[in-house]
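Read through the structure below, which is laid out as structure tokens, and then see the notes.
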Amino acid sequence: MVYLEKIERVGKTYYYVTKNFRISDKKWKKIRKYVGDKPPTKEQTKKAIVEIEKEALKKGFMKPASKYTYLSDEEAEKLQDLKEVFKEWYEKLGAVGKKKYEEDFVVRFTYNSNAIEGNRLSLRETSMILTENIIPAGATPNDYNEAINSKDCYEFMKEYNGEFNQKFLLKIHELLTKNTNCKIVGNYRDHEVRISGSEWIPPTHEKVKEEMRRIFQWYYSNRKKLHPVELGAILHNKLVRIHPFADGNGRTSRVIMNWISMKNNFPMFFIELRDKIKYYDAVEEGDKGNDEAIVHYIAKVLMEQHTFKSEMN
424 MVYLEKIERV
434 GKTYYYVTKN
444 FRISDKKWKK
454 IRKYVGDKPP
464 TKEQTKKAIV
474 EIEKEALKKG
484 FMKPASKYTY
494 LSDEEAEKLQ
504 DLKEVFKEWY
514 EKLGAVGKKK
524 YEEDFVVRFT
534 YNSNAIEGNR
544 LSLRETSMIL
554 TENIIPAGAT
564 PNDYNEAINS
574 KDCYEFMKEY
584 NGEFNQKFLL
594 KIHELLTKNT
604 NCKIVGNYRD
614 HEVRISGSEW
624 IPPTHEKVKE
634 EMRRIFQWYY
644 SNRKKLHPVE
654 LGAILHNKLV
664 RIHPFADGNG
674 RTSRVIMNWI
684 SMKNNFPMFF
694 IELRDKIKYY
704 DAVEEGDKGN
714 DEAIVHYIAK
724 VLMEQHTFKS
734 EMN
């Protein structure tokens, strides 16, 4: 915190602009700049603060501000390295290797994304359906169709060259929820919803279209300002906060987040079922107005999920 110190010495008054910096849990360091024998003007104060922060940076009391809104420069640098390493690794795979990689990704993404929402298929059963065209014994029509739909959605998303808009979003939802228990497919909900296990209450159905209009406006205002990981993660949170659909909100939002990653030449990724609580915690921080949490969480997931590729190069 910046404050003004007034010190009396031998009948004279000295004014200092002062700022304290925490350097450990119990230790602080003070830096102050003399600004004269009279209270400083706003310009003098601003100049002193700049000088203090420069000194703090040199002494290591303060980290330099990131050029990104939420990511640190270190995170952004690691993500850029990951992007370049992944591209190089992927290019070396050849046609057969690329096909196997994509098949494996679709299986793992489908299994984890669907399981988070309650689908009862195992990873092995999901693989049987998507790669061997085998229907496992005991698989319900709903669980089976959710798996098939995920693959269809991936194929559509991969070939889509347009922008994020309402038509694209509704198509993604339609592909993910057709022939399932979802009552309203490819369109916004016409009733109120609650999010199980969350204190957040989504807007009423009458407000959904207006809220979605604001989301599209936000996207077009920020798509060039934000880092792609920031853009995708925050857009995901905005969508799940509105919960615009009768069902499939989480799955749709995770597909959109991956589409933004792919569109910007970053690798796609999946939230693992075993990480569900951490994922939900990051989402709920967004409900409280802290979208930074989901950005750092997604950046971490991306880096951890593709570390092996960096090690192979």
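To convert, count from 1 in the sequence shown and add 423; that's my numbering. We put the beta carbon where it would ideally sit given N, CA and C, even for glycine.
For residue i, the first and last residue of its enclosing beta strand (DSSP E)
{"i": "L654", "result": "First-last for L654: P651 to I665, but that is the alpha helix (DSSP H), not the beta strand (DSSP E)."}
{"i": "G459", "result": "W451 to G459"}
Whole-Å CB distance - residue i paired with residue j, under 8 Å assumed
{"i": "G671", "j": "T600", "result": "4 Å"}
{"i": "F668", "j": "R617", "result": "So it is not a contact: roughly 14 Å between Cβ atoms."}
{"i": "V530", "j": "T563", "result": "Incorrect: roughly 19 Å between the Cβ atoms, too far for contact."}
7 Å CB neighbourhood of residue i in its chain, flanking five on each side removed
{"i": "V663", "result": "N672, G673, S676 and V706"}
{"i": "H666", "result": "V616, I618, P625 and N672"}
{"i": "G446", "result": "Rather than Gly, the amino acid found at residue 446 in this sequence is Ile. Hits under 7 Å: K452 and F484."}
{"i": "V379", "result": "This structure gives no information on residue 379, because the portion of the chain shown stretches from 424 to 736."}
Buried versus exposed call for residue i [16 or more other C-beta atoms within 10 Å across all chains shown]
{"i": "P462", "result": "exposed"}
{"i": "K574", "result": "buried"}
{"i": "L480", "result": "exposed"}
{"i": "H650", "result": "buried"}
{"i": "G585", "result": "exposed"}
{"i": "A518", "result": "exposed"}
{"i": "G709", "result": "buried"}
{"i": "L494", "result": "buried"}
Limits of the unbroken alpha helix (DSSP H) element including residue i
{"i": "E633", "result": "V631 to N645"}
{"i": "I683", "result": "N672 to K686"}
{"i": "Y426", "result": "Run containing Y426: none in the alpha helix (DSSP H); it sits in the beta strand (DSSP E), V425 to R432."}
{"i": "V440", "result": "Careful: V440 lies outside any alpha helix (DSSP H), inside the beta strand (DSSP E) at K435 to R445."}
{"i": "G517", "result": "G517 to I539"}
{"i": "T554", "result": "L546 to E555"}
{"i": "F753", "result": "The chain is shown only over 424 to 736; residue 753 falls outside these bounds and no answer can be derived."}
{"i": "V724", "result": "E715 to Q728"}
{"i": "E569", "result": "P564 to E582"}
{"i": "K482", "result": "K465 to K482"}
Cutoff 8 Å; reference residue i; Cβ partners in own chain excluding five residues on either side
{"i": "E455", "result": "According to the sequence displayed, residue 455 carries Arg and not Glu. These residues qualify, in order along the chain: E428, Y439, V440, T441, K442 and I475."}
{"i": "L725", "result": "L502, L505, V652, S684, F689, P690 and F692"}
{"i": "K594", "result": "F579 and G609"}
Residue i versus the options, residue with shortest Cα-Cα distance
{"i": "N610", "options": "L592, N556, L546 and S619", "result": "L592"}
{"i": "N713", "options": "T468, E653 and E526", "result": "E653"}
{"i": "K465", "options": "E498, V425 and T436", "result": "V425"}
{"i": "E597", "options": "V678, K435, K469 and E498", "result": "V678"}
{"i": "I721", "options": "Y567, T730 and I694", "result": "I694"}
{"i": "R543", "options": "G520, L658, E526 and A570", "result": "A570"}
Chain-order list of residues whose beta-carbon lies under 6 Å from that of residue i (same chain, five-residue window excluded)
{"i": "Y437", "result": "I430"}
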